[in-house]
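J.: The structure that follows is given in the form of structure tokens.
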Ligand code: PMV
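Numbering (this note's numbering), first residue to last: 36 to 362.
Listed below in structure tokens is the structure:
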């Protein structure tokens with residue numbers, strides 16, 4: 036029998052305030068540390084999945100370009116899990132678009148796999164179930180499990196799906212992204228994490244420290260207390276990067292501009308602005324502040340030589356899915 040069904044989903048990127056780096060189980064893609072993120076309104080992936088039994092292979096078009104190799108393989112692996120669960124043997128056509136730079140440490144895999152998981156489940160006729168969708172997305176990219184929910188979201192140690200910590204309204208914050216480089220990152224997170232686990236003497240210390248730090252970050256968010264939250268967020272990011280710097284050879288995602296932005300944010304703090312940095316697997320710096328101070332933060336970031344542009348985000352919504360009539 037011919038199967039043809041399509042669905043469309045939108046998911047937003049997220050930035051970890053308590054970082055994930057390192058896997059407890061590579062096969063299941065379970066993190067070695069808990070993490071906690073904020074979902075961002077300004078950075079979005081839109082994905083359409085069409086299962087069609089007349090297709091002879093899965094295909095992926097990302098930002099208007101057909102994809103092959105590893106990128107397509109990762110998408111196919113997720114689609115295969117959906118097919119197995121739904122008892123489906125149709126291949127799929129996937130079209131995806133990011134409204135921000137792909138694979139540059141700006142969390143495109145998070146929104147990408149979250150949108151893909153939702154759209155693929157819907158197109159395969161599986162029931163709406165955010166927990167199952169989060170677990171499916173997390174299996175491809177652990178940070179993607181967190182992008183199913185809006186507001187503040189945690190992925191607890193040993194859990195397959197993320198959980199919502201609290202809504203955006205509970206604690207409105209702004210995140211200003213200083214983009215410091217164009218182009219894609221040199222080393223993907225999975226490879227980087229395994230290399231760190233195998234060679235960094237600081238890896239054990241990181242895995243030991245992360246749970247308490249994540250708990251403190253969650254408490255500060257629940258208390259809506261930026262003065263407590265900010266330094267903990269910086270500590271989580273810098274501990275993670277220190278652990279990578281300890282690998283042999285070192286993994287260094289920072290550029291000279293990254294350090295210049297860190298310095299500028301310290302100066303802002305000395306001048307009384309509550310602004311705090313976090314960095315992921317890329318050279319960009321994300322700066323957390325109260326929404327009322329975001330204009331001042333953005334002006335300061337834009338003045339740092341080497342900062343190409345600034346993106347301004349607040350907290351974003353849940354990922355959403357729509358089924359579509361098939362033509
Ligand atoms: O889920 P991945 O493989 O994209 O790894 C994400 C790693 C960091 O962005 C550096 C931290 C995090 O928790 O998002």
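The beta-carbon is built from N, C-alpha and C at its ideal position, and this holds for glycine as well. The structure presented is a predicted model; accordingly, all values stated were derived computationally and were not measured.
Ignore the nearest five residues each way along the sequence and tell me which others in residue 263's own chain have a CB closer than 6 Å to its CB.
T.: Same-chain partners within the cutoff: 255.
J.: Decide yes or no for the touch test of the segment 309 to 329 against the segment 43 to 53: beta carbon pairs closer than 8 Å, at least 3 of them.
T.: Flag = yes, the segment 309 to 329 and the segment 43 to 53 touch.
J.: DSSP beta-bridge partners for residue 73?
T.: 50, 187.
J.: In chain order, what residues of the same chain have a beta carbon less than 8 Å from the beta carbon of residue 248, not counting five sequence neighbours either side?
T.: 53, 267, 270, 271, 274, listed in sequence order.
J.: Just to confirm before moving on: does the CB-CB distance between residue 47 and residue 116 stay below 8 Å?
T.: The answer is no: Cβ separation not under 8 Å.
J.: Please list, following the chain, all residues that have a C-beta closer than 5 Å to any non-hydrogen atom of the ligand PMV.
T.: The filter returns 51, 54, 55, 70, 144, 176, 177, 178, 224, 315, 316, in chain order.
J.: Look at the Cβ atom of residue 351, then the Cβ atom of residue 74, and state whether they are nearer than 8 Å.
T.: Yes, Cβ-Cβ distance for residue 351 and residue 74 is below 8 Å.
J.: Please determine, among 152, 357, 210, the residue with the shortest C-alpha to C-alpha distance to residue 265.
T.: Residue 210 is the option with its Cα nearest to residue 265.
J.: Please name the residue in 157, 166, 88, 242 whose C-alpha comes closest to that of residue 56.
T.: The option with the nearest alpha carbon to residue 56 is 242.
J.: Tell me the residue span of the alpha helix (DSSP H) that contains residue 169.
T.: Element bounds for residue 169: 165 to 175.
J.: So who's on the other strand from residue 18, going by DSSP bridges?
T.: An answer regarding residue 18 cannot be provided, because it is not within the stretch 36 to 362 covered by the chain.
J.: Tell me whether residue 101 sits in a helix, a strand or coil according to DSSP, three-state version.
T.: Three-state DSSP puts residue 101 in a strand.
J.: Which whole-angstrom value is the C-beta distance of residue 168 and residue 153, which I expect to be below 8 Å?
T.: Indeed they touch by this definition, with Cβ atoms about 5 Å apart.
J.: My parser needs the beta strand (DSSP E) runs of 3 or more residues fully inside the segment 307 to 350; what are they?
T.: Segments of the beta strand (DSSP E) lying fully in the segment 307 to 350: 310 to 313, 320 to 324, 344 to 348.
J.: Just mark residue 357 as buried or exposed, buried being the case when its beta carbon has 16 or more other beta carbons within 10 Å.
T.: Residue 357 is exposed by the Cβ-count criterion.
J.: Which whole-angstrom value is the C-beta distance of residue 149 and residue 179, which I expect to be below 8 Å?
T.: With a Cβ gap of about 5 Å, residue 149 and residue 179 count as contacting.
J.: Can you give me the C-alpha to C-alpha distance between residue 198 and residue 67, rounded to a whole angstrom?
T.: Their Cα atoms are separated by approximately 17 Å.
J.: Between which residues of its own chain and residue 304 is the CB-CB distance below 7 Å, once the five residues before and five after are set aside?
T.: These residues qualify, in order along the chain: 310.
J.: How many Å lie between residue 246 and residue 103 at the Cα?
T.: Each residue's Cα considered, the two are about 38 Å apart.
J.: Distance check for residue 331 and residue 164, CA to CA, integer angstroms please.
T.: Taking the straight line from one Cα to the other gives about 41 Å.
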